[in-house]
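Accompanying notes for the structure given below.
In our numbering, the protein residues as written are 264 to 833.
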């Protein structure tokens, strides 16, 4: 048995498909039949074009036109007569092998693009590298797994899965993910929950241990993986899978119900999204709102800063899609591990503590104002709540609000309508903000606690570092005390508090958070109905007593054991 981090619930039983990161080794060879090498090159280019066209169409249909343009850029590289023509000439003039010629031309083009001052042209270098890799793999006969057109149902096993992998894969054929790296807050984990696909991350050596076509069973809740198990174990997990599917059907009966405890406390169960297309998952799972719309994906999936009208259409789509339910939209949160290809940021020793999120927006106010104008214009189409990320001081909050007021004044002067009822809030993800939450609460309509970063900053733990992942723990007493403090301080000022970090959807955390008095829980869509089942089965009074008991415990281990016992005894 292997043990990893359960990232997305569900039982997966099926044959493994190992997605390997094969290193491409290029050697220079003299050839006698240059026409055969030219044909080898052109055949590989044609196969790559067919693949990219299919992927582009699929992404446009399932994700969105804008997201598909990255593959359009790759096609343009292959259709550029100068690029492929230069490789053909090299084969003919120097009598060298196709892969060597193509790689030399690629290096030349990359050097040209990377040497330009224009950020957009620099990004073309990445396209050239990416698409050349695809063609080279075809020339060399290296296995190219096209995740967009899988023939059989498989359990994907990879070192990690990129955003491109998850965006293009045929979800109907993927039974689950297993990855060597990652934690509960990694991209792969978050995407697996959004796609409602069972997943385990942080297995360290899954790609070395598991081979193609091995029979694999895993439980996305417990993190347990079995390779080539006995028939008796297959039978046992087939029954577990049946029970899991049965529970999912039972959860369907909770759709349309209020999220109210047995003694009448109502909480809002909302969902986290990254694009307007994610609304479908929220509606399917009966979310009571959007607790976090991560707008950075709008910027990351573009080759330039998105214009005001582009942003307006995206925000309008989400607000209209939620049909009057509240929508919390977070302003631009880039930096740390989230980069923009067209915006160069200086290298930093500690990028997670550096020039990012609200700090960048308050410096580049034109970028910030463009987003705020789009947000306020879209506010007439639904119930908008605007939220600022990574506020660490009152000064930052007041400056951000001042810019909001400037934008509203500009819109009024231009005769452009906007809602006068937009709530302004901020994320609590920096310990300094939690400590002065009594001061900050006087200047906002709400707080939303971002536990993913609050845990890593409070515990001084890089959440992507496998070696110290054991220290990244939501049950750390310091983290829980800060959360409790924030909620108390906000309520003292009559303000509501939400949570949009991964802890909000965790079955072992929900009872504690109910006891603390959390008003809104925002989570991956897949977790909403399970959370409602739990909320509607307990009383607020009992959860307050439970929370007080938890706060008296000394270690994360004690608290987690206490909560495991509580959940298993239900």
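Glycine included, each C-beta is placed from N, C-alpha and C at the ideal position.
Q. Does the beta-carbon distance from residue 514 to residue 793 come in below 8 Å?
A. yes
Q.
Measuring only the C-alpha atoms, how far is residue 280 from residue 423?
A. 13 Å
Q.
Am I right that residue 446 and residue 825 are in contact with their C-beta atoms under 8 Å? What's the rounded C-beta distance?
A. Between residue 825 and residue 446 the Cβ distance is about 23 Å, and since that is not below 8 Å, they are no contact.
Q: Out of 275, 831, 665 and 471, point me to the one whose CA is closest to residue 631's CA.
A: 665
Q) Based on the DSSP secondary-structure assignment, which residues constitute the bridge partners of residue 687? A) 649
Q: Taking residue 685 as the reference, give the member of 638, 723, 658 and 307 with the closest Cα.
A: 638
Q. Once you ignore the five residues that flank residue 807 on each side, which residues in its own chain have a CB closer than 7 Å to its CB?
A. 778
Q) Grouping DSSP H, G and I as helix and E and B as strand, with all else coil, what is residue 458? A) coil
Q: Measure the CB-CB distance between residue 764 and residue 714 and report whether it falls below 8 Å.
A: yes
Q. What are the complete beta strand (DSSP E) segments, minimum 3 residues, inside the segment 666-711?
A. 686-691
Q) Which value, in whole angstroms, describes the spacing of the CA atoms of residue 799 and residue 440? A) 31 Å
Q) Does the Cβ of residue 787 have 16 or more other Cβ atoms within 10 Å, making it buried, or fewer, making it exposed? A) buried
**Q.** Cβ pair residue 621, residue 659 closer than 8 Å
**A.** yes
Q. Relative to the alpha-carbon of residue 783, which residue among 683, 574, 606 and 590 has its alpha-carbon at the smallest distance?
A. 590
Q. How about residue 354 and residue 304: do their beta carbons lie closer than 8 Å?
A. yes
Q. CA-CA distance, residue 477 and residue 349?
A. 44 Å
(Q) Could you give the first and the last residue of the continuous beta strand (DSSP E) run that contains residue 482? (A) 478-482
Q | Local conformation of residue 311 per DSSP, three classes | A | helix
Q: Using 10 angstroms around the beta-carbon of residue 744, count the other beta-carbons present and answer buried if the total reaches 16, otherwise exposed.
A: exposed
Q. Three-state secondary structure (DSSP) at residue 656?
A. coil
(Q) I'd like to know whether the C-beta atoms of residue 835 and residue 264 end up nearer to each other than 8 Å. (A) The structure shown does not extend to residue 835, since the chain is modelled only from 264 through 833, so no value can be given for it.
**Q.** Where residue 529 falls: helix, strand or coil (DSSP)
**A.** strand
Q: Ignore the nearest five residues each way along the sequence and tell me which others in residue 756's own chain have a CB closer than 7 Å to its CB.
A: 704 and 705
Q.
Checking 8 Å against the spacing of the C-beta atoms, do residue 399 and residue 428 come in under that value?
A. no
Q) When we look at the beta-carbon of residue 363 and count the other beta-carbons within 10 Å, is it buried (16 or more) or exposed? A) buried
Q.
Which residue marks the beginning of the beta strand (DSSP E) containing residue 353, and which one marks its end?
A. From DSSP, residue 353 is part of no beta strand (DSSP E) but of the alpha helix (DSSP H) over 344-357.
(Q) I need the straight-line Cα distance from residue 222 to residue 414, nearest angstrom please. (A) Because residue 222 is not part of the residues shown, which for the chain are 264 to 833, the question remains open.
Q.
Less than 8 Å between the beta carbons of residue 578 and residue 641, yes or no?
A. yes
Q.
Along the chain, where does the beta strand (DSSP E) containing residue 593 start, and where does it finish?
A. 589-593
Q. What is the C-beta distance between residue 775 and residue 797, in whole angstroms, given that I count them as a contact (C-beta under 8 Å)?
A. That pair is no contact at about 12 Å.
Q: Would you mind working out which of 580, 301, 351 and 553 sits nearest residue 535, comparing C-alpha positions?
A: 553
(Q) Tell me which residues share the same chain as residue 758 and place their Cβ nearer than 8 Å to its Cβ, disregarding the 5 neighbours each side in the sequence. (A) 704, 707, 708, 709 and 710
Q: Enumerate in chain order the residues of its own chain whose CB-to-CB distance from residue 560 is below 6 Å, with the five nearest sequence positions on each side excluded.
A: 537 and 538
Q: Classify residue 441 as helix, strand or coil using the three-state DSSP reduction.
A: strand
Q. Distance, Cα to Cα, residue 566 vs residue 437?
A. 30 Å
Q.
Any heavy atom of the ligand ADP closer than 7 Å to the beta-carbon of residue 678?
A. The ligand content of the structure shown is nil, which means the ligand ADP is not present either.
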